[in-house]
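Residue numbers (our numbering): 90 to 355.
The next block holds one structure in the form of structure tokens; read it before the comments.
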């Protein structure tokens, strides 16, 4: 699955799932813009990959700000002349302090929809004109299994990811005429900085997890809920992203594909 010289933007690409996608894209020969709100983290990660011979550039981007997104897209075109692949990965679990709350408050709904859904549309809108010009493009939205099955733990997050899945399907129909594929990846359990926040909240609000560390909570849930008995890694998500960004997936669009070890089979 050769991505040699394909130009990819990965939002939120400095850590967690985004870093797994960037790493796999680099291995397969893509030129990558890491569009992340944390410049220090993204530059550190980019430098690590550059030392391995990969063509990677970090650009500080706030996906909720249109001017920031447009600056990032302009820089991508300036450096690489084109955009072939977009991975909308940037996401948040909730507003600060959610670990101590038992219900989603208005600020949680605001930030999850702003980052997890509205920003996906905004970044896509900024990139698509360049893909239309080339009659080619691959857009991959990182959603969640939670967007399909829901959870009482954080309805705002689950609803935002359900929206991402719906947006993926609508975008696939809208852009098919331009030879642009749009798909979503729905990860299950992945140990990332976001997962730590999720398990901290579970430990604070669910009696069965009292006195357990976030990792202990996570491992117990993996053992209980995943038929294959193992969690996913960021690199597992990256492997599917490589496939969806390649020509091996040229007739796949509008799909929301699970990577969850069998937790959900819809």
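For each residue, glycine too, the CB sits at the ideal point set by N, CA and C.
Nothing here was measured: the structure is a model prediction, and the numbers come from that model.
Review point. Any idea which residues DSSP pairs residue 122 with across the strands?
Key: Reading the chain shown from its first residue, position 33 is the one you call residue 122. Answer is 98 and 146.
| query | Considering only residues of the same chain and omitting the five flanking positions on each side of residue 281, which have a CB-CB separation below 8 Å? | reply | Reading the chain shown from its first residue, position 192 is the one you call residue 281. Counting only Cβ-Cβ distances below 8 Å, and skipping sequence neighbours, we find 104, 105, 106 and 323.
DSSP state of residue 235, grouped into three classes? Position 146 of the chain shown holds residue 235. Here residue 235 sits in helix by DSSP.
- prompt: Does the Cβ of residue 266 have 16 or more other Cβ atoms within 10 Å, making it buried, or fewer, making it exposed?
  reply: Counted from its first residue, the chain shown places residue 266 at position 177. Per the 10 Å Cβ criterion, exposed.
Roughly how many angstroms lie between the CA atoms of residue 221 and residue 313, to the nearest whole one?
As a working mapping, residue 221 is identified with position 132 in the chain shown. As a working mapping, residue 313 is identified with position 224 in the chain shown. Whole-angstrom Cα-Cα distance: 45 Å.
Looking only at DSSP bridge pairs, what is residue 348 linked to? Locating residue 348 in the chain shown gives position 259, where the first residue counts as 1. 276, per the DSSP bridge assignment.
Measure the alpha-carbon distance for residue 354 versus residue 347 and round it to whole angstroms.
Walking along the chain shown from the start, residue 354 turns up at place 265. Walking along the chain shown from the start, residue 347 turns up at place 258. About 8 Å.
**Q.** residue 181 - DSSP class collapsed to helix/strand/coil
**A.** Position 92 of the chain shown holds residue 181. Three-state DSSP puts residue 181 in coil, outside helix and strand.
Note to self: Could you check whether residue 250 and residue 205 sit closer than 8 Å to each other, using their CB atoms as the reference points?
What the structure shows: Mapped onto the chain shown, residue 205 falls at position 116. Mapped onto the chain shown, residue 250 falls at position 161. Yes, they are a contact pair.
Could you give the distance in angstroms between the alpha-carbon of residue 162 and the alpha-carbon of residue 99?
Here residue 162 is taken as the residue at index 73 of the chain shown, counted from 1. Here residue 99 is taken as the residue at index 10 of the chain shown, counted from 1. Approximately 11 Å, taken between the alpha carbons.
Hey, could you find the ends of the alpha helix (DSSP H) residue 260 is sitting in?
-> Counting from one through the chain shown, the residue named residue 260 turns up at place 171. Residue 260 -> alpha helix (DSSP H) spans 244-264.
CA-to-CA distance, residue 199 to residue 169, given in whole angstroms: Residue 169 sits at position 80 when you count from the first residue of the chain shown. Residue 199 sits at position 110 when you count from the first residue of the chain shown. Computed Cα separation, rounded: 34 Å.
- prompt: Shortest alpha-carbon distance to residue 173 belongs to which of 341, 350 and 333?
  reply: For the purposes of this step, residue 173 is taken as residue 84 along the chain shown, with counting starting at 1. Answer by Cα proximity: 333.
query = Are residue 230 and residue 257 closer than 8 Å when you measure CB to CB?
reply = Mapped onto the chain shown, residue 230 falls at position 141. Mapped onto the chain shown, residue 257 falls at position 168. Yes; because the gap between Cβ atoms is below 8 Å, this pair is in contact.
Considering only residues of the same chain and omitting the five flanking positions on each side of residue 325, which have a CB-CB separation below 7 Å? Numbered from its first residue, the chain shown carries residue 325 at position 236. Same-chain partners within the cutoff: 348.
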